[in-house]
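Number of protein chains: 2
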Amino acid sequence: MIGLSPGQLDPAAENPLYRQLYEQIRSAIKMGSVRNGDRLPATRELAVELGLNRTTVSAAYALLEEEGLIRGEVGRGSFVQYEGEFTTAPVTSTISFASSRPAEDHFPIEEFRSTCQEVIQSAQVGTILQLGSPSGYGPLRHHLLEQARAEGSAGPEDDILITSGCQQALDILQRAFIGPADAVQLEDPVYHGLKNVFSRVGARLLGIPVRESGMDLDQLARTIESEHPRMIVVTPEFQNPTGATLPLEHRERLARLVEAAGVLLVENCIYRELRYEGEQIRTLKSLAPGTLQIGSFSKVAFPGLRVGWVIGPRALIARLTETKQWCDLHSDQLSQAILLRFAESGRLEQHLRRVRTMGAARLHTALDACSRYLPAGTRFSRPQGGMSLWVRLPEPLDANELLPRVQRERVDYLPGKHFSISHFDAGSLRLSFGGLSPEQIESGLATLGRVINEEGKRLRSAISFDAAPAMV
Amino acid sequence: MIGLSPGQLDPAAENPLYRQLYEQIRSAIKMGSVRNGDRLPATRELAVELGLNRTTVSAAYALLEEEGLIRGEVGRGSFVQYEGEFTTAPVTSTISFASSRPAEDHFPIEEFRSTCQEVIQSAQVGTILQLGSPSGYGPLRHHLLEQARAEGSAGPEDDILITSGCQQALDILQRAFIGPADAVQLEDPVYHGLKNVFSRVGARLLGIPVRESGMDLDQLARTIESEHPRMIVVTPEFQNPTGATLPLEHRERLARLVEAAGVLLVENCIYRELRYEGEQIRTLKSLAPGTLQIGSFSKVAFPGLRVGWVIGPRALIARLTETKQWCDLHSDQLSQAILLRFAESGRLEQHLRRVRTMGAARLHTALDACSRYLPAGTRFSRPQGGMSLWVRLPEPLDANELLPRVQRERVDYLPGKHFSISHFDAGSLRLSFGGLSPEQIESGLATLGRVINEEGKRLRSAISFDAAPAMV
């Protein structure tokens, strides 16, 4: 009735789930999808359906009740209470720059259906449904390894392991190679899902500051000397959250550094195919053959199908495969076969061309809108691809303190604290534009710019007031 | 050309992969699928295709060359060399009792195709392809929780987490609850994939002997007193490898024991639906509500689709869900949606009826053949369902030493050592009949019986000879 599905809520977003749910139901009421007198599902029922805790649903209902949009009747449930005008567009819903995922409305559903058809009608279906190999579905491994060879990223001594997405690739790398005593060098700021994989095992995280041109290699070199890390994880293109890309000469220096020090280098390539302008740069793997390279279909095709991979030297892949076996035996084979077919049929490349065209439009809108709406003193990164850019608010604004004010205006982002390892900048925040339309990007940034302006003025006047004590 | 697929090789089987591959290619040659003069794929190429190490393929080729079935030509590759008669049936292939997985030739492929069709044509496809929730696909969670409630296995305070099969459920349970200092009580013998999950983290494994009626509860009670375990994992029905089932009164006692001691009880229900005779017994979860219950579609539907789950008290599931998120974000959503549809459409129940009918025929054939062919002094379990039974060879036979002799006769099994924790019985072995036809079961057991007989005689005569030293 409220027409909600679990996919519309994002557990990884900063905007808490109860608030996302509140906003969705509020929008359904204002748009007339549910009407005055309609009964909402019981909290327990909705919780199960959406994969939420019951307290999350109760909190959302409490907000709606507070706003007078629903009323609870003891023993009977919660009822909609709204006799106002209906809006036709969900104009009141939040423009969320908080989630780095592709836009659902541009999924190539028909191409997916055709691909799926071809796979399930094929003679391989029996094999796909049977228990598989921990290494992954053979034909997909073959395809990906050939592709990496053609690109010069894999050599004859390399092998491949299929994982359940990039997140599992990182998790298995930690489990196979990193214990509590080990040091790991990560970009700082960095994607929180990457940080958590290593921090929860008690590894020593060494944050290397990210500049416009990626990791600060001087600091990296000093930290290699002093801390003897076991592993370095780098996202060389359109890094999450900064959008930074490592130039070729930095890659060459990084390759020399890791080879001289014998550190394990992990190259996370999940955004590599999302380049909207400029030339593709050689992979770290092609410069340092001992590198373990991570890829995934999630950012370029369908995030709901969990298929990623690691390519690297045979002996290292053998160790990862052993670990993988006791994690979950092997990854889902139907999705592996479908994504292989999607790639081999040329549909992936065709889809990628569309994704890049749309991505370019979003990126340019975002950069233009940043220039136009964000007040002087605000700095922002200028990525050539990916899904996110990094903003630094003018002093003395704090991105975390600003957030509730921005959310009241129905715009959302992730403050820098979620990504920080040791070089925390309170004025930083991530804007993810990948899942929004150009109109939403434009409108969201106009609002953000206005709020930054107002709050900046308010804070500066408060400060100057504080700065003038009475001369008694 | 050789027509091999990764699904035909079983990495978990005792028969090593190189030997399985050798047997498959040998069979292809003898059946004329590849002919005299045909070139075999290069070892590297075949390794990638099948998800194997190159050394595995080289070892298989070496065996074939030794047997004179292929010849290697330097710089040109390996060529088939066989001008003998062709057999029409793969009579020379091994009858493997080593793998506990369903028979591929009975997969309901057409029903799977229809289910898949319905899912991909539905309006939910966009949601399915988008990033999902760590908890799992909402409608599937709802369905499984309702089912568990209807069966009395879940109460109002329970919640559910979808995992990538039962293996991941066990892995996440370990990661959330068991550290190196913790003691875990496991059945002894037990499935090696379960043992490995806990042993690799350095947990103290306490093996509780399994009798015909499951875990020895007297010993369990004593060990709870003396060792203060944190967790007990029990497979109450058709336990792998013994086939043992815990009777109701034992379940009641176990429930009282864990509740009094405050130990976390994990009930592994993956074989529960595979009961071929006798009455279904109440679950442990229904007797001890704090239990965490594991289920999976792998044994009853399609092992290649990785969907399992854990049902338990809300607070424990919340902790598992947090762990799951950093393992792989969430499980594959397409397979979740397909298996939900498979269940809701009634096709799963229909398929299960067939599986039970076929399973009963296999089980009865296996038990009859054991009675007829295995020599006096051999003991075997008499399960009422599942896929495996447990054999104890007459003294002084050793199941591990007997294996190469049995494999030469093209029969395979897993010796007891793979399942043992601390109560190792060298004469024990597992026979998995789930993937074999009644004819194969009959023929395999006839061979096994003959070899046991011959080896037993040989050993006994050797012993009596040793027992009569010269009186010089």
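These protein sequences, in sequence, are chains A and B. 50 is the number that the working numbering gives to position 50 of the first sequence; each next residue is one higher, with no gaps. To convert a position in the second sequence, counted from 1, into the working numbering, add 472. Quick reminder that beta carbons are idealized off the backbone N, C-alpha and C, glycines included. Note that the coordinates shown come from a computational prediction; the quantities given were computed from them, not determined experimentally.
query, result
"Anticipated Cβ contact below 8 Å, A/Arg-39 with A/Ser-78, distance rounded", "7 Å"
"Cβ-Cβ distance between B/Leu-616 and B/Trp-781 below 8 Å", "yes"
"Residue-level contact to chain B via CB, A/Leu-142, 8 Å cutoff", "The sequence shown places His at residue 142 of chain A, rather than the Leu named in the question. By this cut-off, A/His-142 is an interface position."
"CB contact flag (B/Gly-906, B/Ala-595, <8 Å)", "no"
"B/Arg-543 - DSSP class collapsed to helix/strand/coil", "strand"
"Residues near B/Asn-740 by beta carbon distance below 6 Å, same chain, minus five either side", "Thr-707, Ile-766"
"Reduced DSSP secondary structure (H/G/I, E/B, other) of A/Phe-112", "helix"
"Helix, strand or coil at A/Thr-56 [DSSP, three-state]", "helix"
"Residue interval of the alpha helix (DSSP H) (run including B/Gly-598)", "597-601"
"When B/Ser-892, B/Glu-590, B/Glu-537, B/Ile-567 are compared against B/Ile-810, the one with the closest alpha-carbon", "B/Glu-590"
"Chain-ordered chain B contacts of A/Val-48 [CB-CB under 9 Å]", "Gly-610, Arg-613, His-614, Leu-617, Glu-618, Asp-631, Ile-632"
"Residue nearest to B/His-664 in terms of C-alpha spacing, selected from B/Ser-933, B/Gly-679, B/Ala-653, B/Gln-492", "B/Gly-679"
"When A/Glu-212, A/Ile-224, A/Glu-85 are compared against A/Leu-205, the one with the closest alpha-carbon", "A/Ile-224"
"Span separating the alpha-carbon of B/Ser-803 from that of B/Pro-606", "7 Å"
"Between the CA atoms of B/Ile-924 and B/Ala-934 - distance to the nearest angstrom", "15 Å"
"Burial state of B/Arg-548 (16 or more Cβ within 10 Å)", "exposed"
"Secondary structure of A/Val-300, DSSP reduced to three states", "coil"
"Chain A within 8 Å of B/Phe-579, Cβ atoms only", "yes"
"Where B/Glu-816 falls: helix, strand or coil (DSSP)", "helix"
"CA nearest to the CA of A/Gly-427, picked from A/Glu-409, A/Met-215, A/Gly-377", "A/Gly-377"
"Buried or exposed (CB count within 10 angstroms, at least 16 for buried), A/Glu-187", "buried"
"Bridge partner(s) assigned by DSSP for A/Met-215", "A/Val-210"
"Neighbour-count burial assignment, A/Thr-291, 16 or more Cβ in a 10 Å radius", "buried"
"Cβ-based neighbour list, A/Glu-65, same chain, cut-off 7 Å, excluding 5 preceding and 5 following", "Arg-71, Gly-72"
"DSSP three-state assignment for B/Pro-562, whether helix, strand or coil", "Per-residue confidence for B/Pro-562 stands at a pLDDT of 47, beneath the threshold of 50, marking its modelled position as unreliable; the derived number appears in the next sentence. Note: B/Pro-562 maps to coil in three-state DSSP."
"Contact between the stretch 357-369 of chain A and the stretch 156-174 of chain A (3+ Cβ pairs under 8 Å)", "no"
"Delimiting residues of the beta strand (DSSP E) encompassing B/Ile-644", "No beta strand (DSSP E) holds B/Ile-644; the alpha helix (DSSP H) holding it covers 637-649."
"Nearest-angstrom beta carbon gap, B/Ile-581 and A/Gly-126 [assumed within contact, 8 Å]", "7 Å"
"For A/Leu-161 and A/Gln-280, the rounded distance between their alpha carbons", "25 Å"
"With 16 other Cβ atoms within 10 Å as the buried cut-off, status of A/Arg-256", "exposed"
"Per-residue DSSP class, three states only, for A/Val-197", "helix"
"Chain-ordered chain B contacts of A/Ser-335 [CB-CB under 8 Å]", "Asp-804, Leu-806, Ser-807"
"Cβ distance (whole Å) where B/Tyr-494 is taken to contact B/Leu-535 below 8 Å", "4 Å"
"Candidates B/Leu-901, B/Pro-847, B/His-823, B/Ser-853: closest to B/His-836 by CA position", "B/Ser-853"
"Beta-carbon gap between A/Thr-242 and A/Trp-390 smaller than 8 Å", "yes"
"C-alpha gap between B/Tyr-743 and B/Gly-857, whole angstroms", "8 Å"
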